[in-house]
Amino acid sequence: MKKIFFYSVFFLGISFFTSCKKDKCDTSTINLKNEVDSLSYSFGSDFANRFKKRKIEKSQINEKALMKGFMDAFNDKKEVIETKDARKLIQAFYRDLRKKKDKTKSNKYKNHRKENVAFLEKNRKVKGVEVLKSGLQYQILKKGKGEIPSIKDKVKVHYHGTLINGKIFDSSVKRGKPSSFKVSGVIKGWTEALQMMPVGSKWKLFIPQELAYKDREAGKIPPYSTLIFEVELLGIEK
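Residue numbers (our numbering): 9 to 246.
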């Protein structure tokens, strides 16, 4: 089966080259006559979809050179560009791609980020709001008298999470069922607060994006978002 697949891919590649003119390849004449042909095509399709998923555009690819590189490596032929140099080129390409993506995202959410920073600046002056060195802000709604969790503990909580505009993104309260998780398994803002809260406490947390999801989008949460949570610590699970 390995030999059959090898020769299928080899001859598919040769026919692909012979139909390439001026760096454009005509694949419309390829007929898939059997399982090996179909599998070969599927590998090619999967390869292309991986490119698309990484936001690589068609204009960034020379089809003839791509196929040449593939077949040279596949047939153990001397490659025009050595493997180590090829890796460096690819790594540099992806670094540049990430920089462009980050810049685009930063520009897109520029106003959103400013609004969230401004909210925290204003909120820190509200009566009853405490501000920690990390930037985490909290307000004690109900004092508890129980044990305080450690980083190794698993806790049971009720919580209600919103953005600064009041939009709810997650709520165990709305679901009507408390949640359990490890103190070390949540966002930094939660981890810090939980290690200060006695069981029975209810706090309101104002978590800056640096202690939440930063520049990442998380479900209904846009990048660079300040998160507001009402958290009630119900217990420590042993």
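For glycine and all other residues, C-beta sits at the position ideal for the given N, C-alpha and C. Owing to the predicted nature of the structure, the values given are computational and were not obtained by experimental measurement.
In the three-state reduction of the DSSP assignment, Glu123 falls in the helix class. Residue pairing by DSSP places Asp178 opposite Gly169 in a beta bridge. Distance from the CA of Glu238 to the CA of Lys111, rounded to the nearest whole angstrom, comes to 33 angstroms. CA-to-CA, the gap between Ala201 and Leu213 works out to about 8 angstroms.
Assignment of Ala56 by DSSP, reduced to helix, strand and coil, places it in the helix class. Within the model, the alpha-carbon separation for Ile215 versus Met204 is close to 15 angstroms. Counting of Cβ neighbours within 10 angstroms places Ile159 among the exposed residues, the total staying below 16. Apart from the 5 residues on each side of it in sequence, Ser188 sits with its Cβ closer than 8 angstroms to the Cβ of Lys162, Val163, Lys164, Val165, Glu245 in its chain, given in chain order. Per DSSP, reduced to three states, the secondary structure at Lys153 is coil, with no helix or strand assignment. Taking a cut-off of 8 angstroms on C-beta distances, the segment 226-237 touches the segment 165-181, as three or more cross pairs fall below it. Secondary structure at Val139: strand, using DSSP grouped into helix, strand and coil.
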